[in-house]
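2 protein chains.
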Amino acid sequence: MTLSNKDTNITWHEGAVTREERQALLKQKGVTVWMTGLSASGKSTIASILEQMLLHQGKAAYRLDGDNIRFGLNKDPKSLKEKSGYSDEAAKRFGIGFSAEDRGENIRRIGEVAKLFSDAGVIAVTSFISPYIKDRDAVRANNKPGEFIEVYINVSLATAEKRDPKGLYKKARAGEIKGFTGIDDPYEAPVNPEIVVDTENASPEEAAKQILAYLTDKGYLAA
Amino acid sequence: MTLSNKDTNITWHEGAVTREERQALLKQKGVTVWMTGLSASGKSTIASILEQMLLHQGKAAYRLDGDNIRFGLNKDPKSLKEKSGYSDEAAKRFGIGFSAEDRGENIRRIGEVAKLFSDAGVIAVTSFISPYIKDRDAVRANNKPGEFIEVYINVSLATAEKRDPKGLYKKARAGEIKGFTGIDDPYEAPVNPEIVVDTENASPEEAAKQILAYLTDKGYLAA
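Protein chains in written order, with this note's numbering: chain A, 1 to 223; chain B, 1001 to 1223.
Structure follows, in structure tokens:
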């Protein structure tokens, strides 16, 4: 059933709004821009600048990162218990820790949230190390072609370790952090990513511009 | 550190983009519009029409409902195993079923996702029965004042049961569905919701207009 709106001559329908409808009205295409790379590769900075560039063009964009995911949707068991009043059992069951299985579920949920943003017509920019090909490929497989763009933020371990803005590599080398990607846990570089950003040579702004150019050329910023 | 952009005189910053920045650039305020009400109260239809009305004003809006949540982020254990290749143990642990605990976690995650949309400057419209005051109040408490709007889609059980578009009440009365809200599981009406919609008398379009008027009056559709 459709409902006519006499005031504006717009007709409302009762069924679910489609992705195509949203995109036409927002004049942009939803997509997941999935950044992957070592700690200190520059993912967060590049994602933040890309988000600003998109917003300044009037395009809805949003960055998903550790700060807004790990403290909310993917809380650890302790936080679920203390902040959400969960029983020990429920907190342990639903909370996300740092085992391989937990990391996999963490990435799966992030992929699902990014997909919702993408379905909403928003450009979702994720900045997580996401070191395993298997987890990233599962997210890709959950999206239609063209709705998932893998961006490899490429940097050598030596450079990342030299930058080490949070001192994490130093702690990992000292054995104070276990399972740190690049030190005692592997980073699996993308085999065939849509975009490779070389942060050895490019500044964060240049990297963001490179991704923006891709989005523009491929038509994501138009209906 | 901020980066100046010589082309446009816009300055990019390296830190996280704030909610306020996004809202100013998108010319709207993010918010969670949380609909609650019995099955067949009209939540989904009203949410869909509200979403269309917002999109036609060029406002980013998105509806979260059972269809896009239960088949993605909040999959059941069986789907996690079959579609995501989870082990029995991981599927059981991370999957969402229908126990009271599972329903609570379902609503918590939906609340967190809506909060991300709201943070992104998008108007998130959720349409879930969400029968328990405790669960809804937990979502409210997780948001700042003004960033969560509870909309009670009020309908009598008699009317909802008479509509019964999917035959669910009939099945529940016949004992074919257990724990059905309104029949053998309680619905706890909101005590102090921001909006009450009377769907006994208002059409879905009139109900959507009522909510739209609230959003407009309270300044959500402007920067």
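Glycine included, C-beta positions come from ideal geometry on N, C-alpha and C.
Keep in mind that this is a model prediction, so the values were computed, not measured.
Are residue i and residue j touching if we call contact CB-CB under 7 angstroms?
i: T1199 (chain B); j: V1155 (chain B); result: yes
i: G242 (chain A); j: G30 (chain A); result: Residue coverage of chain A in this structure runs from 1 to 223, which leaves residue 242 (chain A) outside it and unanswerable.
i: E150 (chain A); j: P193 (chain A); result: yes
i: Y1152 (chain B); j: P1190 (chain B); result: yes
i: G1038 (chain B); j: G1175 (chain B); result: Checking the sequence shown, residue 1038 (chain B) turns out to be Leu, not Gly. Contact: no.
i: R1236 (chain B); j: D1164 (chain B); result: Outside the shown range of chain B (1001 to 1223) lies residue 1236 (chain B), about which nothing can therefore be said.
i: R93 (chain A); j: R1108 (chain B); result: no
i: Y1053 (chain B); j: L1212 (chain B); result: The question names Tyr, yet the displayed sequence has Met at residue 1053 (chain B). Yes, these two residues count as a Cβ contact at 7 angstroms.
i: Y62 (chain A); j: F117 (chain A); result: yes
i: L1055 (chain B); j: L25 (chain A); result: yes
Give the C-beta separation of residue i and residue j to the nearest angstrom, bearing in mind that I take them to be a contact with Cβ-Cβ under 8 angstroms.
i: Q1023 (chain B); j: A1060 (chain B); result: Incorrect: roughly 11 angstroms between the Cβ atoms, too far for contact.
i: L64 (chain A); j: A141 (chain A); result: Contact doesn't hold; Cβ gap of about 19 angstroms is too wide.
i: S1041 (chain B); j: A16 (chain A); result: In fact, because the Cβ distance is near 17 angstroms, the residues do not count as touching under 8 angstroms.
i: V113 (chain A); j: L73 (chain A); result: 7 angstroms
i: A1138 (chain B); j: S84 (chain A); result: 7 angstroms
Once you ignore the five residues that flank residue i on each side, which residues in its own chain have a CB closer than 8 angstroms to its CB?
i: T1045 (chain B); result: P1204
i: K210 (chain A); result: The residue asked about is misnamed: residue 210 (chain A) is Gln in this sequence, not Lys. Around Q210 (chain A): I195, V197, A202.
i: K78 (chain A); result: A91, G95
i: E51 (chain A); result: A61, Y62, R63, V125
i: E1131 (chain B); result: With the sequence shown as reference, residue 1131 (chain B) is identified as Pro, and Glu is not the correct amino acid for it. Only T1036, T1181, D1185, P1186, Y1187, E1188 meet the Cβ criterion.
i: G1219 (chain B); result: K1029
i: Y214 (chain A); result: I149, E194, I195
i: E21 (chain A); result: none
i: F71 (chain A); result: S79
i: D88 (chain A); result: K81
Grab me the residues of residue i's own chain with a C-beta within less than 7 angstroms of its C-beta, minus the 5 sequence neighbours each way, in chain order.
i: I177 (chain A); result: L168, K171
i: G1104 (chain B); result: D1135
i: T159 (chain A); result: E200
i: I1110 (chain B); result: L1064, I1069, T1126, F1128
i: K1232 (chain B); result: Residue 1232 (chain B) is absent from the structure shown; chain B starts at 1001 and stops at 1223.
i: D102 (chain A); result: I96
i: A207 (chain A); result: G42, I46, V197, T199
i: D76 (chain A); result: G95, I96, G97
i: L1115 (chain B); result: In the sequence as presented, Leu is not what sits at residue 1115 (chain B); that position holds Lys. Counting only Cβ-Cβ distances below 7 angstroms, and skipping sequence neighbours, we find T1032, N1142, N1143.
Does the Cβ of residue i lie closer than 6 angstroms to at least one heavy atom of the ligand MG?
i: I1110 (chain B); result: Within the structure as shown, the ligand MG is missing, as the structure has no ligands at all.
By Cβ distance below 6 angstroms, which residues in the same chain neighbour residue i in space, the five residues on each side in sequence not counted?
i: F283 (chain A); result: Residue 283 (chain A) is absent from the structure shown; chain A starts at 1 and stops at 223.
i: I1133 (chain B); result: E1188
i: F180 (chain A); result: A172
i: Y1086 (chain B); result: L1080
i: L1157 (chain B); result: G1182
i: T216 (chain A); result: none
Please compile the residues from chain E whose C-beta is within a distance smaller than 9 angstroms of the C-beta of residue i.
i: Y62 (chain A); result: No chain E appears in the structure shown, which is made up of the protein chains A and B.
Residues within the region 8-19 of chain A neighbouring chain B, beta-carbon criterion of under 7 angstroms: I10, W12, E14, G15, A16, V17
Length-filtered (3 minimum) beta strand (DSSP E) runs lying within the region 1159-1217 of chain B: 1195-1198
Continuous beta strand (DSSP E) assignments of at least 3 residues falling wholly in the region 10-61 of chain A: 11-13, 31-36
Unbroken stretches of the alpha helix (DSSP H), 4 residues or longer, contained in the region 76-106 of chain A: 77-84, 88-94
Under 8 angstroms (Cβ pairs) to chain A, residues found in the region 1112-1139 of chain B: E1112, V1113, K1115, L1116, F1117, D1119, A1120, G1121, V1122, A1138
Interface residues of the region 1034-1051 of chain B facing chain A [CB-CB below 7 angstroms]: T1045, S1048, I1049, E1051
Contact residues within the region 68-86 of chain A, judged by C-beta distance below 7 angstroms to chain B: N68, G72, L73, S84
Chain A contacts from the region 1093-1108 of chain B (Cβ-Cβ distance under 7 angstroms): R1093, F1094, E1101, E1105, R1108
Selection of the region 1156-1174 of chain B by Cβ proximity to chain A, strictly under 8 angstroms: none
Within the region 1110-1142 of chain B, ranges of the beta strand (DSSP E) (whole runs, at least 3 residues): 1123-1127
Cβ-based contacts, 9 angstroms cut-off: residues of the region 1190-1208 of chain B near chain A: S1203, P1204, E1205, A1208
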